[in-house]
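Undergrad: Mind looking over this structure? Questions follow.
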């Protein structure tokens, strides 16, 4: 296939491009993934997922995060297991269960919406208001594109709360809280509102190769894992690739 142009797909209310490869990041060594542990207790780990590394091994193989989980046993007989997913190009807080019972408990908390999630995104343009809610059902785009979603009145309920954290030249920094957990929810919702996430090469204007990559980061997660204890609250530092645009929107580096 020659040429580097993305092929648009027409869907009412949203435009797509068919991307090639985005950013491909090599796998992590045991030391590298251990350095990304943000929280560790007897039940779970929260790690800071790098952008560009898929959580699972794909059909074509290649580097993935799970391949380095053996380095996260910390004395337990088995490596930890994913309690949820993040897209390949999304960075930040990723929760792992350290044993079967913990993973099952975490799975139920995610399934029933008991886990608080805050994402940071840098979007193109931005809303006129300073906060709001997007209530827009989502359905699958088509069978060929498996995971890809589109706004669909007959689709699954999808709700996102958003708040403006700062504005810059043609950019806006949002805190996004997904109330539901649909695939690509934040990416489709922002794009359908007319403010796609910077670097989104499926639902936005991101390039097929190279920079900027997706500016979506799982900033904070709040997990009520123990009944008689305060929820565990974990924050992931802003990733390198987002810092310049976050600063342009007023982020002070904290």
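In UniProt numbering, the protein residues as written are 1 to 254. Glycine is no exception: its CB is placed at the ideal position from the N, C-alpha and C atoms. Quick caveat: nothing in here was measured; it's all calculated off a predicted structure.
(1) Figure out for me which residue from 172, 120, 185 and 85 has the closest Cα to the Cα of residue 203.
(2) Helix, strand or coil for residue 175? Go by DSSP, reduced to three states.
(3) Residue range of the alpha helix (DSSP H) that residue 136 falls in?
(4) Can you tell me where the alpha helix (DSSP H) with residue 248 in it begins and where it stops?
(5) Measuring CB atoms only, is the stretch 112 to 125 touching the stretch 208 to 228, in the sense that at least three cross pairs come out at less than 8 angstroms?
(6) Below 8 angstroms on the Cβ atoms is my contact criterion, and I expect residue 33 with residue 71 to pass it. Report the Cβ-Cβ distance as a whole number of Å.
(7) Buried or exposed, going by whether 16 or more other CB atoms sit within 10 Å of the CB of residue 102?
(8) Measure the alpha-carbon distance for residue 106 versus residue 74 and round it to whole angstroms.
(9) Using only CA atoms, which one of 165, 166, 164 and 149 lies nearest to residue 158?
(10) Alpha carbons only, please: which of 145, 76 and 165 is nearest the one belonging to residue 118?
(11) Note down the Cα distance separating residue 88 from residue 51, rounded to an integer number of angstroms.
(12) Classify residue 49: buried if its beta carbon has 16 or more other beta carbons within 10 angstroms, exposed otherwise.
(13) For a test of the three-state rule: what should DSSP assign to residue 216, helix, strand or coil?
(14) Report the partner residues of residue 147 according to the DSSP bridge assignment.
(15) When the Cα atoms are used, what is the spatial distance from residue 43 to residue 104?
(16) Judging by CA-CA distance, which residue of 127, 154 and 129 is the nearest neighbour of residue 138?
(17) Using 8 angstroms as the threshold, is the C-beta distance between residue 65 and residue 53 below it?
(18) With residue 116 and residue 221 assumed to form a contact (beta carbons below 8 angstroms), what rounded beta-carbon distance in angstroms separates them?
(19) Quick one: what's got a C-beta closer than 7 angstroms to residue 85's C-beta in the same chain, skipping five residues either side?
(20) So, is residue 147 buried or exposed, given that buried needs 16 or more other C-beta atoms within 10 angstroms?
(21) Since I believe residue 161 is in contact with residue 190 (beta carbons under 8 angstroms), could you give me their beta-carbon distance rounded to a whole number of angstroms?
(22) If contacts are defined as beta-carbon pairs under 8 angstroms, then residue 96 and residue 109 qualify, I think. What distance do you get, rounded to the angstrom?
(23) Counting only the same chain and skipping the five closest in sequence on each side, list residues whose C-beta sits under 8 angstroms from that of residue 25.
(24) Name the two residues that bound the continuous beta strand (DSSP E) containing residue 38.
TA: Let me spell this out:
(1) If we check each option's Cα against that of residue 203, 185 comes out closest.
(2) Reduced to three states, the DSSP call for residue 175 is strand.
(3) It is not in any alpha helix (DSSP H) - residue 136 carries neither H nor E in the DSSP assignment.
(4) According to the DSSP assignment, residue 248 belongs to the alpha helix (DSSP H) that extends over 240 to 248.
(5) Flag = yes, the stretch 112 to 125 and the stretch 208 to 228 touch.
(6) About 5 angstroms separates the CB atoms of residue 33 and residue 71; that is less than 8 angstroms, so the two are in contact.
(7) Label assigned to residue 102: buried.
(8) One C-alpha to the other measures close to 19 angstroms.
(9) Residue 149 is the option with its Cα nearest to residue 158.
(10) When only C-alpha atoms are compared, the closest one is 165.
(11) Their Cα atoms are separated by approximately 6 angstroms.
(12) Residue 49 should be labelled buried.
(13) Note: residue 216 maps to strand in three-state DSSP.
(14) As computed with DSSP, residue 147 is found in no beta bridge at all.
(15) If I take the Cα positions, the gap works out to 11 angstroms.
(16) In terms of Cα proximity to residue 138, the closest of 127, 154 and 129 is 154.
(17) Yes; because the gap between Cβ atoms is below 8 angstroms, this pair is in contact.
(18) Going by Cβ atoms, the distance from residue 116 to residue 221 rounds to 7 angstroms, so yes, they are a contact pair.
(19) Excluding residues within five positions, the ones whose Cβ falls inside 7 angstroms are 55.
(20) By the neighbour-count rule (16 or more Cβ atoms within 10 Å), residue 147 is not buried but exposed.
(21) Going by Cβ atoms, the distance from residue 190 to residue 161 rounds to 12 angstroms, so no, they are not a contact pair.
(22) Separation of the CB atoms of residue 96 and residue 109 is rounded to 14 angstroms, and the pair is thereby denied contact status at 8 angstroms.
(23) Counting only Cβ-Cβ distances below 8 angstroms, and skipping sequence neighbours, we find 50, 51, 52, 53 and 63.
(24) That run of the beta strand (DSSP E) goes 37 to 40.
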